[in-house]
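Below is one structure; the comments refer to it alone.
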Amino acid sequence: MKLLVLDGALARCSAAAFVDGVLVAEEVAEGARRQPVDLPPMAQRVARALAGLDAVAVVVGPGGFTGLRAAIALAEGLALGAGARLVGVTTGEALAAALPEELRAGRAVWSVVDTRRGRLVLERLAPGAWQAEAPPEPMAVEDLPLPEGPVAMVGDAAEAAAEALLARGADALLTEARLPLAAAAGRVALERLAGHIPMRDATPLYVEPPAVRRPA
């Protein structure tokens, strides 16, 4: 199985290549809104580690409109050109997969992404789970529900969310997983391709519409 994975959901972009479940190449570039420029050549370089292509995976959000569209459009084109399967991975799933397995086994994972409009988007995974429990939920930080048990906080709004939950007495552990990585997203994609969890397509999860205005 030759798998190429792309991510541009938040303030970085990355690409990774797997052969039979083993990571063989990876590139990462930091910075917001650079995905349309950085991701295509990065994917081309990483794909050189693959002799052929069986599947393409892409992080589908929640995240920024520009980064998601750039990554998904590129993944769709590469999959179509190679006759490969296309697999979607959510931002929360990718972030959770980057955590140590022993941590995930004992805590639910809450992924919290900043909408840049004074709100956040919450995505929840049960302890040890590879896939999100339900669609992402937009809300204000003060409206975060109290978790039923210990949680590990991930995402670019994790610090504010963890602080709010801790102030209310929750067992909320702030982790270093703030931005997704293609290498971690690939672990989720491999679980989907193996049939261990349900498949997901590459439909973007914007949650809220892009902040654009019609011209006057």
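Numbering of the sequence shown is given in the UniProt record's numbering, commencing with residue 1 and proceeding in unit increments.
Glycine residues also receive a C-beta, built at the ideal position from the N, C-alpha and C atoms.
Predicted model, so just to flag it, every value in this text is computed and none were measured.
Exposed or buried, which one is L3 when buried takes at least 16 other CB atoms within 10 Å? buried
Fully enclosed by the segment 131-197, which alpha helix (DSSP H) runs are 4 residues long or longer? 158-167 and 182-193
Quick one, are the C-beta atoms of L86 and V56 less than 7 angstroms apart? yes
In terms of residue numbering, what span does the alpha helix (DSSP H) encompassing R69 cover? Taken as a continuous stretch (DSSP letters only), the alpha helix (DSSP H) holding R69 covers F65 to A82.
Whole angstroms is fine: what's the gap from L125's alpha carbon to A47's? 30 angstroms
Around the C-beta of E123, are 16 or more other C-beta atoms found within 10 angstroms, so that it is buried, or is it exposed? buried
Considering A57, what are the terminal residues of the alpha helix (DSSP H) in which it resides? That residue, A57, is in no alpha helix (DSSP H); its beta strand (DSSP E) goes A55 to V59.
If we count the other Cβ atoms within 10 Å of its Cβ and call it buried at 16 or more, is A167 buried or exposed? Residue burial is scored here from C-beta neighbours: A167 has fewer than 16 other C-beta atoms within 10 angstroms and is therefore classed as exposed.
Buried or exposed by the 16-neighbour rule on C-beta atoms within 10 Å, applied to L39: buried
CB-CB length for V5 against A157, believed under 8 angstroms: About 24 angstroms; that fails the 8 angstroms criterion.
Same chain, Cβ closer than 6 angstroms to S14, five either side skipped, listed in chain order: Setting aside the 5 residues that flank it on each side, S14 is surrounded in the same chain by D7, V28, L181 and A182, each with a C-beta closer than 6 angstroms to its C-beta; the list follows chain order.
Determine the extent of the alpha helix (DSSP H) in which A94 is found, giving its start and end residues. T91 to A97
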